[in-house]
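*Asks:* So in the working numbering the end of the sequence shown lands on 377, straight run, no missing numbers. Sharing a structure, written as C-alpha cells. Questions coming.
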Amino acid sequence: MPGKRGRRGSPGRRSRTARAELSFSVSHMERLLREGHYVQRLSSSAPVYPVAVIQYRTARVLELAGHEAQNSGRRRLTPELVDVAARSNALLSDFFTTSTISQVAPAQHQLPNDAWVPGPRRAGGRGRGLQAPGPLTDRPPHSPGGPGLPAALGTVIASQ
Numbered sequence: 218m219p220g221k222r223g224r225r226g227s228p229g230r231r232s233r234t235a236r237a238e239l240s241f242s243v244s245h246m247e248r249l250l251r252e253g254h255y256v257q258r259l260s261s262s263a264p265v266y267p268v269a270v271i272q273y274r275t276a277r278v279l280e281l282a283g284h285e286a287q288n289s290g291r292r293r294l295t296p297e298l299v300d301v302a303a304r305s306n307a308l309l310s311d312f313f314t315t316s317t318i319s320q321v322a323p324a325q326h327q328l329p330n331d332a333w334v335p336g337p338r339r340a341g342g343r344g345r346g347l348q349a350p351g352p353l354t355d356r357p358p359h360s361p362g363g364p365g366l367p368a369a370l371g372t373v374i375a376s377q
C-alpha cells in the first residue's frame with residue numbers, strides 16, 4: 218500500500234537522549250532540574266549538556282577502574298577499585314574529595330589476587346567448578362577521545 222510506511226521509512230519521533238547519542242536520560246535530568254528549583258526558566262535543550270558531562274565522567278572513572286582491575290589481576294569491578302581509580306587520578310580526585318563510595322571493604326578483608334573464585338552456575342543446578350581469575354581480554358580498544366564520548370561533548374572537548 219502506498220500510503221503506509223514501514224518503521225524504517227517513517228521519520229518518527231526520537232527522544233532527546235537518542236538525538237544526542239547519550240545513554241543517560243535527558244528527560245530525567247530535566248525533571249530533576251525542574252523539581253530542584255535550580256532555575257526559573259529551563260529550555261528543552263539545557264539538560265543535554267549536564268547529562269553529557271555526567272556520562273563522560275562516568276565512562277572515564279569506569280575506564281580507570283578497569284585499568285586498576287587489570288593491573289591487580291581481577292576480573293570484576295568492585296566499589297574499592299572505583300574508589301582507588303577516582304582518587305588516584307589528579308583531575309578526578311578533586312571531584313571525589315567530599316564523597317564516600319559505599320561498600321569499600323578494608324584492606325585486610327580482601328582476597329589475594331591468586332584466590333580461586335566460583336564460576337557461573339548452569340541451568341541444571343550444578344556449578345562449573347572453580348575458575349581462576351584471568352586478564353581482561355574482551356575490552357574494547359581505547360579510542361583517542363575517551364570511551365563512551367557522547368556526540369554532544371565531542372565538539373566541546375575537540376575545541377579546547
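All C-beta atoms, glycine included, are put in the ideal place defined by N, C-alpha and C. Source: prediction; values computed, not measured.
I need the straight-line Cα distance from L250 to Q257, nearest angstrom please.
*Replies:* Within the sequence shown, the letter at position 33 stands for residue 250. Within the sequence shown, the letter at position 40 stands for residue 257. If I take the Cα positions, the gap works out to 10 angstroms.
*Asks:* Using DSSP with H/G/I as helix, E/B as strand and the rest coil, what is L259?
*Replies:* Against the sequence shown, residue 259 aligns to sequence position 42. Reduced to three states, the DSSP call for L259 is coil.
*Asks:* Since V268 and L239 should fall inside the 8 angstroms C-beta cutoff, what is the C-beta to C-beta distance between them, to a whole number of angstroms?
*Replies:* Residue 268 sits at position 51 when you count from the first residue of the sequence shown. Residue 239 sits at position 22 when you count from the first residue of the sequence shown. Going by Cβ atoms, the distance from V268 to L239 rounds to 6 angstroms, so yes, they are a contact pair.
*Asks:* List the endpoints of the continuous alpha helix (DSSP H) containing T234.
*Replies:* Residue 234 sits at position 17 when you count from the first residue of the sequence shown. From DSSP, the alpha helix (DSSP H) with T234 extends over R233 to R236.
*Asks:* Please classify D300 as buried or exposed, where buried requires at least 16 neighbouring CB atoms within 10 angstroms.
*Replies:* Your numbering for residue 300 matches position 83 in the sequence shown. Buried: at least 16 other Cβ atoms inside 10 Å.
*Asks:* On the criterion of 16 or more Cβ atoms from any shown chain inside 10 Å, does T317 qualify as buried, or is it exposed?
*Replies:* Here residue 317 refers to the residue found at position 100 of the sequence shown. Answer is exposed; the Cβ neighbour count stays below 16.
*Asks:* Since A237 and V265 should fall inside the 8 angstroms C-beta cutoff, what is the C-beta to C-beta distance between them, to a whole number of angstroms?
*Replies:* Taking the first residue of the sequence shown as position 1, residue 237 is located at position 20. Taking the first residue of the sequence shown as position 1, residue 265 is located at position 48. Between V265 and A237 the Cβ distance is about 5 angstroms, and since that is below 8 angstroms, they are a contact.
*Asks:* Relative to the C-alpha of S261, which candidate in S289, V243 and T295 has its C-alpha closest?
*Replies:* As a first step, residue 261 is located in the sequence shown; it is residue number 44 there, counting from the start. With distances taken between Cα atoms, S261 lies closest to V243.
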